[in-house]
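First the structure, in the form of structure tokens, and then the observations on it.
Numbering (the numbering used here), first residue to last: 40 to 224.
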């Protein structure tokens, strides 16, 4: 399926995700948030290839979940710093697809983009809007909620959300990261 837009989108997503791998962990193995990653360590060749594939997907006019996720990853890859991320570009193009069938892992990410543009209260509202679509919370969604609650100054609720995210995660590195984030409150 070399010409299938979703297959191309998946490859683009994989390349863009892999491009950030060298910066995802500290030398001691601890997790580094995207906003805190040293972007000079990102693999530029993989980013260029991922961008080419994302553009090919966009020309197909057949959006799908992998293509949307790849487009979001491409926007992050374009930003020289976390502060320079074009959050409106992350939210805008995915709106039509999001309203039809939200890609599960984009839902919490969309709430982060909304929070960056409009504040943590709006991000929490965006995250709450997806709750009916999910019968069981995930550690990823719960972690995003905890982060947004902390940013909104709702410390007590954030502590509880971090506890729940710690309980839900199955990855030791993520658990250690969440424990550190909770302790920082």
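Think of the CB as a built atom: it goes at the ideal place given N, C-alpha and C, for glycine as much as any other residue.
**Asked** Any idea what DSSP makes of residue 53, helix, strand or coil?
**Response** Your numbering for residue 53 matches position 14 in the chain shown. It is helical.
**Asked** Do residue 221 and residue 207 have their C-beta atoms within less than 8 Å of each other?
**Response** Looking up residue 221 in the chain shown gives position 182. Looking up residue 207 in the chain shown gives position 168. Not in contact: residue 221 and residue 207 (Cβ atoms no closer than 8 Å).
**Asked** Helix, strand or coil: how does DSSP classify residue 72 here?
**Response** To locate residue 72, count along the chain shown from 1; it is residue 33. In the structure shown, residue 72 sits in coil (DSSP, three-state: anything other than H, G, I, E or B).
**Prompt:** Under a three-way DSSP split, which group does residue 240 fall into?
**Reply:** This structure cannot settle anything about residue 240, because the visible part of the chain is limited to 40 through 224.
**Item:** Whole-angstrom C-beta distance between residue 62 and residue 121, which should lie under 8 Å
**Value:** Your numbering for residue 121 matches position 82 in the chain shown. Your numbering for residue 62 matches position 23 in the chain shown. Their Cβ separation, rounded to whole angstroms, is 12 Å, which puts residue 121 and residue 62 out of contact at 8 Å.
**Request:** Mind listing, in chain order, the continuous alpha helix (DSSP H) runs of no fewer than 4 residues lying wholly within the region 75-162?
**Result:** 83-99, 104-117, 126-139 and 145-157
**Message:** Can you find the residues in the same chain that come closer than 8 Å, C-beta to C-beta, to residue 64, ignoring five residues on each side of it along the sequence?
**Reply:** Mapped onto the chain shown, residue 64 falls at position 25. These residues qualify, in order along the chain: 70, 71 and 212.
**Message:** Need the endpoints of the alpha helix (DSSP H) that residue 169 sits in, please.
**Reply:** By 1-based counting over the chain shown, the position of residue 169 is 130. Neither: residue 169 is in no alpha helix (DSSP H) and is coded neither H nor E.
**Asked** Is the CB-CB distance between residue 214 and residue 181 below 8 Å?
**Response** Locating residue 214 in the chain shown gives position 175, where the first residue counts as 1. Locating residue 181 in the chain shown gives position 142, where the first residue counts as 1. No, they are not a contact pair.
**Message:** Suppose contacts are defined by Cβ-Cβ distances below 8 Å. Is residue 41 in contact with residue 96 by that definition?
**Reply:** The sequence position of residue 41 within the chain shown is 2, counting from 1. The sequence position of residue 96 within the chain shown is 57, counting from 1. Contact: no.
**Request:** On a CA-only basis, which of 48, 117, 177 and 167 is nearest residue 100? Give me that one, please.
**Result:** Taking the first residue of the chain shown as 1, we reach residue 100 at position 61. Closest option to residue 100, Cα to Cα, is 48.
**Message:** Can you check which of these residues, 119, 177 and 224, is closest to residue 196 by C-alpha distance?
**Reply:** Here residue 196 is taken as the residue at index 157 of the chain shown, counted from 1. Nearest of 119, 177 and 224 to residue 196, Cα basis: 224.
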